[in-house]
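Q: Structure provided below as structure tokens; questions to follow.
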Amino acid sequence: AHQVLTEKDPLVKLWNAAEAPETSYTMKIASWNVAGLRAVLKKSPTALSDLVQEHDLDVLCLQETKLQEQHVEDPKINTSIEGYQAYYSCSTEKKGYSGTAVFVRDKSSSSKTKKKQATMDQFFGSSSQSKTKTTNNEKVSSAFDETLLIPQSVSYEIGAPQHDAEGRVVVVDFPTFSLCNVYVPNAGQGLKRLEYRVQEWDQDFLSFMQTKKEDRGVPVLWLGDLNIAHTNLEVWNDGAKHLPKQAGVTPEERASFTAQLEAGFVDVFRRLHPTAKGHYSYWSMRAGNREPNKGLRLDYFICDEAAFDENSKVVPRDSYMLSDQQGSDHCPVVLELELKASD
146 AHQVLTEKDP
156 LVKLWNAAEA
166 PETSYTMKIA
176 SWNVAGLRAV
186 LKKSPTALSD
196 LVQEHDLDVL
206 CLQETKLQEQ
216 HVEDPKINTS
226 IEGYQAYYSC
236 STEKKGYSGT
246 AVFVRDKSSS
256 SKTKKKQATM
266 DQFFGSSSQS
276 KTKTTNNEKV
286 SSAFDETLLI
296 PQSVSYEIGA
306 PQHDAEGRVV
316 VVDFPTFSLC
326 NVYVPNAGQG
336 LKRLEYRVQE
346 WDQDFLSFMQ
356 TKKEDRGVPV
366 LWLGDLNIAH
376 TNLEVWNDGA
386 KHLPKQAGVT
396 PEERASFTAQ
406 LEAGFVDVFR
416 RLHPTAKGHY
426 SYWSMRAGNR
436 EPNKGLRLDY
446 FICDEAAFDE
456 NSKVVPRDSY
466 MLSDQQGSDH
476 CPVVLELELK
486 ASD
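The numbers in this note's numbering rise by one with no breaks, and the one at position 90 of the sequence shown is 235.
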């Protein structure tokens, strides 16, 4: 049966890293719910390294890895990415459930690339100062302080026993902002976890982000599978009668997410592309909804309002989906974040 295609508006490209000021660096961050990392790697052992190379990613955040601690160490399952530091949070309560991971490009290895480039330049007689912006590894201009790309600390979970056994949170503190990869609890079949999600998790997570922001005095960015299709633009079948009872689309979850944003936070994709239709990050596999683009946008980048101030040290410049990436019922979403050198 031929399914009617849900229209997708073209997205305007908002940012060109090659034309950015030399005192700044465009950090590319992707978030992907892999719906089981072992399954993804079994199908395609190089899936993660291909993804970071093809899209030149500085940070890759995964949700629903379904890994246990022993898998992370298992040589048969190579979950690592060469040239990246990996940080995992695994569910201790249930096996093969939830789980998050963050991969950060190892900047200590990029300095080797630069040294090698300098040696080659001397050999070929060209200036080693030439600021060619090819890949991210070499596109760090000498005017930009590379230590801004190196995490100062990494922590796990939000410090509340009722939430912390499911491996849902990895926080990476960079010098000028904090990044929090989160897999938000799904309200579930029959909405059995709706009350927990809305009354407990959403409120405690928001407090955690606010405290993080106050403690460090730098912007926070939280991202991941937030299990919410916030507005009618984020769902293909707006107006369908069953939606108010569908996890991720209930009025309770939407109101709760609105309250989080009203506390001073911004849905980056919507701020940058306010009217773009048909841009989703999840499609039901069972219903075969991917081909006709019958999707939901459940994966987000959320930053605090201060980041959109032009004087901010970190400014979200563009966001989009990698909807061709196969392997999961979600596709990766990307944020291009301008980091400015500290004065």
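Every residue gets a Cβ at the ideal spot worked out from N, C-alpha and C, and that includes glycine.
If I follow the unbroken beta strand (DSSP E) through P396, where does it start and stop?
A: First-last for P396: P396 to E407, but that is the alpha helix (DSSP H), not the beta strand (DSSP E).
Q: Quick check on DSSP: helix, strand or coil for H475?
A: Strand.
Q: When DSSP labels each residue in this structure, what does M354 get in the three-state scheme?
A: Residue state, collapsed to three classes: helix.
Q: Does DSSP put V285 in a helix, in a strand, or in coil?
A: Looking at V285 - three-state DSSP - the assignment turns out to be coil, as it is neither helix nor strand.
Q: Is DSSP giving S457 helix, strand or coil here?
A: S457 falls in the coil class under three-state DSSP.
Q: What are the complete beta strand (DSSP E) segments, minimum 3 residues, inside the segment 303 to 391?
A: Fully enclosed beta strand (DSSP E) runs of 3 or longer: 314 to 319, 322 to 328 and 365 to 370.
Q: Once the 5 residues before and after H216 are set aside, which same chain residues still bring their CB inside 6 Å of it?
A: Here the set comprises I222.
Q: Report the option in F350, A305, P306 and P320 whose CA atom is closest to the CA atom of V326.
A: In the sequence under discussion, the amino acid at residue 326 is Asn, which differs from the Val named in the question. Per the Cα distances, F350.
Q: Can you find at least 3 beta carbon pairs, one from the segment 394 to 406 and one from the segment 236 to 250, that sit closer than 8 Å?
A: The segment 394 to 406 vs the segment 236 to 250: no contact.
Q: Hey, quick one: how far does the beta strand (DSSP E) through A192 stretch, first residue to last?
A: Per DSSP, A192 belongs to no beta strand (DSSP E); it is in the alpha helix (DSSP H), A192 to E199.
Q: Among E214, H424, V479 and Q470, which has the Cα closest to the Cα of A231?
A: Residue E214 is the option with its Cα nearest to A231.
Q: How close, in whole Å, do the beta carbons of T224 and L186 come, if the pair is a contact with beta carbons under 8 Å?
A: T224 to L186, Cβ: 7 Å. Contact.
Q: CB D449 to CB G384, shorter than 8 Å?
A: Cβ distance not < 8 Å, so D449 and G384 don't count as in contact.
Q: Below 8 Å CB to CB, which residues in the same chain sit around Q198 once its five sequence neighbours on both sides are set aside?
A: The answer is none, since no qualifying residue turns up.
Q: Nearest-angstrom Cα distance between Q334 and V394?
A: Rounded to the nearest angstrom, the two C-alpha atoms are 13 Å apart.
Q: Between which two residues does the beta strand (DSSP E) containing V411 stretch?
A: Segment F410 to D412, the beta strand (DSSP E) holding V411.
Q: Around the Cβ of E379, are there at least 16 other Cβ atoms within 10 angstroms (buried) or fewer (exposed)?
A: It is buried - the Cβ of E379 has at least 16 other Cβ atoms within 10 Å.
Q: What do you reckon, are the CB atoms on E483 and S286 nearer than 8 Å?
A: For E483 and S286, no; Cβs fall outside 8 Å.
Q: Kindly indicate the opening and closing residues of the beta strand (DSSP E) around A246.
A: T245 to R250 is the span of the beta strand (DSSP E), which, as asked, contains A246.
Q: Going by beta carbon distance, what residues of the same chain come within less than 7 Å of L207, once the five residues before and after it are set aside?
A: Excluding positions up to five away in sequence, the list reads W177, V179, L182, T245 and A246.
Q: For S169, name the three-state secondary structure that DSSP assigns.
A: In this structure, S169 counts as strand in the three-state DSSP scheme.
Q: Using 8 Å as the threshold, is the C-beta distance between D201 and K173 below it?
A: Taking 8 Å as the Cβ cut-off, D201 and K173 qualify as a contacting pair.
Q: Apart from the five residues just before and just after L150, which ones in its own chain have a Cβ nearer than 7 Å to its Cβ?
A: These residues qualify, in order along the chain: P437 and N438.
Q: I think D474 touches S429, with their Cβ atoms under 8 Å apart; what is that distance to the nearest whole Å?
A: With 8 Å as the limit, D474 and S429 qualify as a contact, their Cβ atoms being about 7 Å apart.
Q: Roughly how many angstroms separate the alpha carbons of V411 and Y425, rounded to a whole number?
A: If you take the alpha carbons of V411 and Y425, they lie about 18 Å apart.
Q: Leaving out five residues on either side along the sequence, give the residues of the same chain with a beta carbon under 7 Å from the beta carbon of P320.
A: Within the same chain, P320 has close Cβ partners T292, L293 and Q297.
Q: Please report the Cβ distance between L366 and L324, rounded to the nearest whole angstrom; I am assuming they are in contact, meaning their Cβ atoms lie under 8 Å.
A: That belief holds up - the Cβ atoms of L366 and L324 are roughly 5 Å apart, short of 8 Å.
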